[in-house]
Amino acid sequence: MPTLAEAGRFILIVFGVLLICLIARILVFDGPRESIGAGDIVVAITAAVLIMGGWLSKSEQP
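Numbering (the numbering used here), first residue to last: 73 to 134.
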């Protein structure tokens, strides 16, 4: 069971990746009219799961 700190860290990573995706979309594509889509959300959640998975496996080793 994840602790509250781990859950908070996961949420923070998701929103951080979403912010990076939004900034990249604004810079690369259409300017401020770009919005976050379902693909961006999937990328953010996947990145957070991978980061947290590596983080937790490192913290559980003696």
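We put the beta carbon where it would ideally sit given N, CA and C, even for glycine.
Secondary structure of residue i, DSSP reduced to three states
i    : result
E78  : helix
F87  : helix
G125 : helix
G109 : coil
Status (buried if at least 16 other CB within 10 Å, exposed otherwise) for residue i
i    : result
A96  : exposed
V100 : exposed
I108 : exposed
8 Å contact criterion, which residue i and residue j should meet: CB distance rounded
i    : j   : result
A120 : F82 : 5 Å
Near the ligand NAP: residue i beta-carbon under 7 Å from a heavy atom
i   : result
I98 : Only the bare structure without any ligand can be found here, which leaves the ligand NAP out of the picture.
- Touching or not, the segment 83 to 92 and the segment 109 to 124, by the rule of three or more beta carbon pairs under 8 Å? yes
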